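Chemist: In the numbering used here, the protein residues as written are 184 to 384. Each residue gets a CB set at the ideal place from its N, CA and C atoms; glycine is no exception. No experiment lies behind these values; they were computed from the predicted model shown.
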Ligand SMILES: C[S@@+](CC[C@H](N)C(=O)[O-])C[C@H]1O[C@@H](n2cnc3c(N)ncnc32)[C@H](O)[C@@H]1O
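1. Count the other CB atoms within 10 Å of the CB of residue 307; is the residue buried (16 or more) or exposed (fewer)?
2. Looking at the structure shown, is residue 230 part of a helix, part of a strand, or coil, going by DSSP?
3. How would you label residue 196, buried or exposed, when you count the other beta carbons within 10 angstroms and need 16 or more for buried?
4. The beta strand (DSSP E) spanning residue 242 covers which residue range?
5. Measuring only from the beta carbon, is residue 373 closer than 7 Å to any heavy atom that is part of ligand 1?
6. Closer than 7 Å to a non-hydrogen atom of ligand 1 - does that hold for the CB of residue 216?
7. Can you determine whether any heavy atom of ligand 1 sits closer than 7 Å to the C-beta of residue 309, and answer yes or no?
8. Within its chain, find whatever has a CB closer than 6 Å to the CB of residue 356; leave out the 5 residues flanking it on each side and keep chain order.
9. Of the choices 278, 225 and 207, whose alpha-carbon is the least far from that of residue 328?
10. Rounded to a whole number of angstroms, what is the C-alpha to C-alpha distance between residue 214 and residue 361?
11. Express the C-alpha separation of residue 277 and residue 309 in angstroms, rounding to a whole number.
12. If I'm right that residue 343 touches residue 314 with Cβ under 8 Å, what's the distance once you round it to whole angstroms?
13. Does the beta-carbon of residue 210 have 16 or more other beta-carbons within 10 angstroms, so that it is buried, or is it exposed?
So, in structure tokens, the structure goes:
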């Protein structure tokens, strides 16, 4: 029998007690502990950033020399001196490019994405929407990352997952898949970490 949805689970309670805006922060902490992606001074693009717990964690770790740009369909109330946020649909190429150009960034060092579609409850539909969103994230990452830069993507596992990772392997030299302990027990989400984009010649 599936476990019931518990809105006030231990991760949410911990986030509330530690002042984080969402329980998702513990997933990013796990990813960062494993891959050491977030380092002082980097330029980071966080896509699907609302309400902002990843921004909170990233802002702290980047320090005063680092910068993070958070994009989401929803406005983000969180502010910090090294954080800028914009309301942008990731499928709107012009708006994404404008948000990055406003920062005078020609490239970014790291792309983080915890983006998730509005779920319909129909497993295959939700999984395909997650893949579509992540195809867009991968395209943005390839456009703006340089050198060995990495992109973290949250993807729902399902029948299209293997085809998507195969697609990613033609776009990036390195690919890792990890499940976060802080993901809900019944969740099918995993985090895919790709680096060293293969540039189009
Ligand atoms: C799980 S939440 C992210 C939580 C965030 N990492 C945090 O720590 O607070 C997923 C976000 O993806 C955003 N999203 C979904 N579709 C989007 C789109 N097309 N463009 C931009 N953001 C989108 C949603 O609005 C939602 O805020």
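Modeler: The structure says:
1. exposed
2. strand
3. exposed
4. No beta strand (DSSP E) holds residue 242; the alpha helix (DSSP H) holding it covers 236-245.
5. no
6. no
7. no
8. 379
9. 225
10. 8 Å
11. 26 Å
12. 5 Å
13. buried
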